[in-house]
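Enquirer: Going left to right, the sequence shown walks through residues 865 to 1016 as the working numbering numbers them.
We treat Cβ as the ideally placed atom computed from N, Cα and C, and that holds for glycine.
Computed from a prediction, not measured in an experiment: that's the story for all the values here.
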Amino acid sequence: MEPLITLVAVTVILLGAAALGVRALRPWPVALRGGLAAMFTLTGVVHFVGMRHELIAMVPPALPAPGLLVALTGVLELAGAAGLLLPRLAHWAAGGLAVLLVAMFPANVHAALEGTGTPLLPRTAMQVLFLAATLAVVAHHVRARRAPAPAS
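(1) Looking only at its chain, what residues have a beta carbon closer than 7 Å to the beta carbon of residue 907, apart from the 5 residues adjacent to it on each side?
(2) How about residue 976 and residue 964: are their beta carbons less than 8 Å apart?
(3) Below 8 Å on the Cβ atoms is my guess for residue 944 versus residue 927; work out the distance and round it to an integer in Å.
(4) Taking the alpha helix (DSSP H) that residue 897 belongs to, which residues open and close that run?
(5) Go through its chain and collect everything with a Cβ distance to residue 947's Cβ below 6 Å, but skip five positions before and after it.
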């Protein structure tokens, strides 16, 4: 639940700052990228401290080297969070994080079925929301690139 709270709270705060006149935050995807960056920073850090053992236990037994996989996904989440903050890389970071969310979903299913993680229905709803947020960043970039240049 903490990742969802982080995503929503940071995004709302940044949208509020935009409404109060912070021009750099005016396009809504910038605020969403900030919320996603905060969320993925939080989830990336817990791959190394705090919940590491719980995350290792979530890895399905068919996968090798659970500790290494947790470390790798943590590094990817932190790299993606940093990429979201760089306008030129944000759409690539968001796309990569979307792929990562899909790739890690089986671990969430495994944990829910084993009774060690968030129950499956709420976890699935959160994953869908996180995936939608990352894809919204990508879609906004694609639409912006396809838009005709303003006439001068």
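Expert: Inspection of the coordinates gives the following:
(1) Within the sequence shown, residue 907 is the residue found at index 43, counting from 1. The answer, listed in chain order, is 867 and 941.
(2) In the sequence shown, the residue the question calls residue 976 occupies position 112. In the sequence shown, the residue the question calls residue 964 occupies position 100. No; because the gap between Cβ atoms is not below 8 Å, this pair is not in contact.
(3) Along the sequence shown, read from residue 1 onward, the residue named residue 944 stands at position 80. Along the sequence shown, read from residue 1 onward, the residue named residue 927 stands at position 63. Wrong, their Cβ atoms sit about 21 Å apart, outside the cutoff.
(4) Numbered from 1 along the sequence shown, position 33 holds the residue referred to as residue 897. Where residue 897 is concerned, the enclosing alpha helix (DSSP H) stretches over 892-909.
(5) Taking the first residue of the sequence shown as position 1, residue 947 is located at position 83. Same-chain partners within the cutoff: 953 and 957.
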